[in-house]
Amino acid sequence: MAYELRESPPTVDRFLELRDAAGMAERSREAVEQGLPNSLYAVTVVDGTGETVGMARIVGDGGSVYHVCDMAVHPDHQRQGLGSRMMDALMEWIDEEAPPAAYVNLMADVDGFYEQWGFERTAPASKGMYYRVPEA
Numbered sequence: 007m008a009y010e011l012r013e014s015p016p017t018v019d020r021f022l023e024l025r026d027a028a029g030m031a032e033r034s035r036e037a038v039e040q041g042l043p044n045s046l047y048a049v050t051v052v053d054g055t056g057e058t059v060g061m062a063r064i065v066g067d068g069g070s071v072y073h074v075c076d077m078a079v080h081p082d083h084q085r086q087g088l089g090s091r092m093m094d095a096l097m098e099w100i101d102e103e104a105p106p107a108a109y110v111n112l113m114a115d116v117d118g119f120y121e122q123w124g125f126e127r128t129a130p131a132s133k134g135m136y137y138r139v140p141e142a
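In C-alpha cells form, the structure reads like this:
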C-alpha cells in the first residue's frame, strides 16, 4: 500500500481516534481543539484511500525546549516503517529549526525505537514525571 507523509496535523476527530486505536491515554476534545493549532510542527501519514493512519507532532517554546509527542500509527498499518518516516521528518525539522543546545525530549513507550535518532534515557540522572488535571 502506498503512503504519503504530509506536514500537517490530523483533524481533531482523527487525533482522538488514532490515540484510542493505539491504546494511548485519552485526551478531551476541548484540550485537543485548543492544543493542536499550537503545535510547532506536525506530520500525518495518509494511506492510498486518503485516510490518516499516523500522526506525530512537536510542541514547545520554539527556542529552548521541544517535546516530541502524540506519535501514533493505527494498528492496521504498523510495521510498515511509518513511525520511522514520521520521526525522520520530525528530526529533520528539529535539525533545521532548533537553535544549538536546545532540549528535545519525549516520553518513550517503545524500547529501542527512539535511540536511533540519538535519544538517551534520562534515568538515573532525572525521572520523567507527569500531572493530569482532574476532570471537573
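Straight run, no breaks: the sequence shown in our numbering ends on number 142. Cβ coordinates follow ideal geometry from the N, Cα and C atoms, glycine included. No experiment lies behind these values; they were computed from the predicted model shown.
Cβ neighbours of Ser132 within its own chain (closer than 6 angstroms, five residues either side excluded): none. Of the candidates Val52, Thr50 and Leu22, the residue whose Cα lies closest to the Cα of Glu39 is Leu22.
Of Asp53, Cys75 and Tyr47, the smallest CA-CA separation from Val116 is found for Cys75. In the DSSP secondary-structure assignment, Asn111 is bridged to His73. A Cβ-Cβ distance of about 15 angstroms is found for the pair Leu24 and Arg91, leaving them out of contact under the 8 angstroms criterion.
With a cutoff of 8 angstroms on beta-carbon distance, Ile64 and Leu88 are scored as not near each other. Counting of Cβ neighbours within 10 angstroms places Pro105 among the exposed residues, the total staying below 16.
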